[in-house]
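Residue numbers (the working numbering): 10 to 364.
Below you can see the structure in the form of structure tokens.
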């Protein structure tokens, strides 16, 4: 029988925990080693671990016996064992063994949710699907991550704010000229601008008219299996080879009030120039970029309560308004899918009950 969200939330409540039927980055690769790791993403408790071949697996963080956290248990390779009573659950959610008893109806039964996993570019991505019987979509990355001609560093941070505010922040190029005006990379450019947007194959670009290559002048939203944001910032030549500095970002909800942001910082460099830039970045530039990120965090974590419900938006906010509409439309579509799946499950249960 299919599993689905049991109660249908409002569109706003649903969006607070993030859109499903897509991939979300959940951890940096280095965070998962020998021991199971317990996390919360999109409001769901998840255990993540590596088997003896280094493959990452993810399950609902709940032992089907008494509800203990599997993340407190043992890594047995392709399965985890609960610390409470030793129940062993495979990576596909099927109970492998119940060592405390000789025969148990749980054994051989899929009892908990499993998550498809892709590990790429130093991060672990999970598929948050609505219907467990549907195959995940392909996960494609922008050129700055997918091409060998580029070099990138991943940084991540947990912010005490809903993920929609983090997305709004990146969809707002104009804030760079004010919030980040004392930074090493955004001190130039006009503090007044007209904004426009244009469609792309997988999303849209929102940009300043008549000012490109000066400051944080544009941002792109796209969904290629996962939702991402991309922008570039001009760099002084003394900050190393590679031309403009690019950022590819994802915002993954932890719960309704917390977000983990993932930013890949990229430059198009190869050969000896790649080594030069990576050395400069690690020893000098990384701290400067963290300073900028901290400015964003401080502003967002200290917004007025329910800030979105009391906004007075103007022309510079066209980009975030458009993205909000796209997300709302997708949320409505997903809620209809959940409702249909729940109805199907109820009918199936009734048929089973009547034999």
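The beta carbon of each residue, even a glycine, is placed where N, CA and C say it ideally should be.
>> As a quick exercise: from 356, 358, 350, 363, pick the residue whose alpha carbon is nearest that of residue 143.
In response: 350
> In whole angstroms, what is the alpha-carbon distance linking residue 40 and residue 59?
Replying inline: 11 Å
> Over what stretch of residues does the alpha helix (DSSP H) that includes residue 280 continue unbroken?
Replying inline: 280 to 289
>> For a cutoff of 7 Å on Cβ pairs, would you count residue 145 as touching chain C?
In response: As a matter of chain content, chain C is missing from the structure shown, which is built from one protein chain.
> Buried or exposed: where does residue 313 fall if 16 or more other Cβ atoms within 10 Å of its Cβ makes it buried?
Replying inline: exposed
>> I'd like to check one pair, residue 29 with residue 167: are the Cβ atoms closer than 7 Å?
In response: No, they are not a contact pair.
> If you check the beta carbons only, do residue 153 and residue 286 fall under 7 Å apart?
Replying inline: Judged by their CB atoms, residue 153 and residue 286 are not nearer to each other than the 7 Å cut-off.
> CA-CA distance, residue 320 and residue 337?
Replying inline: 17 Å
> Can you name, in chain order, every residue of its own chain whose Cβ lies under 7 Å from the Cβ of residue 95, other than the five neighbours on each side?
Replying inline: 108, 109
>> Out of 204, 294, 266, 215, which one is the CA nearest neighbour of residue 247?
In response: For the residues 204, 294, 266, 215, the minimum Cα distance to residue 247 belongs to 294.
>> Just verifying my parser: in three-state terms, what is the DSSP assignment at residue 110?
In response: coil
> residue 65 bridges to which residues according to DSSP?
Replying inline: 59
> Quick one: what's got a C-beta closer than 7 Å to residue 37's C-beta in the same chain, skipping five residues either side?
Replying inline: In its chain, beyond the 5 residues on either side, 131, 132, 163, 165 have a beta carbon closer than 7 Å to the beta carbon of residue 37.
> Just reading off the alpha helix (DSSP H) that residue 362 is part of, what are its end residues?
Replying inline: Residues 327 to 362.
>> In whole angstroms, give me the CA-to-CA distance for residue 19 and residue 173.
In response: 16 Å
> Any idea if residue 236 is buried or exposed, counting beta-carbon neighbours within 10 angstroms, 16 or more meaning buried?
Replying inline: With 16 or more other Cβ atoms from the protein chains shown falling within 10 Å of its own Cβ, residue 236 counts as buried.
> Just the Cα atoms here: how many angstroms apart are residue 214 and residue 328?
Replying inline: 8 Å
> Beta carbon of residue 241, beta carbon of residue 253: below 7 Å?
Replying inline: yes
> Just how far apart, CA to CA, sit residue 17 and residue 34?
Replying inline: 25 Å
>> Please return the same chain residues whose Cβ sits closer than 7 Å to the Cβ of residue 118, not counting the five positions on each side in sequence.
In response: Apart from sequence neighbours up to five positions away, the residues of its chain that approach residue 118 with a beta-carbon distance below 7 Å are 103, 104, ordered along the chain.
> Where does residue 180 land, buried or exposed, given buried means 16+ other C-beta within 10 angstroms?
Replying inline: It counts as buried.
> Going straight from the alpha carbon of residue 93 to that of residue 82, what length do you get?
Replying inline: 8 Å
> If residue 283 sits next to residue 161, beta carbons under 8 Å apart, how far is it from one beta carbon to the other, in whole angstroms?
Replying inline: So it is not a contact: roughly 11 Å between Cβ atoms.
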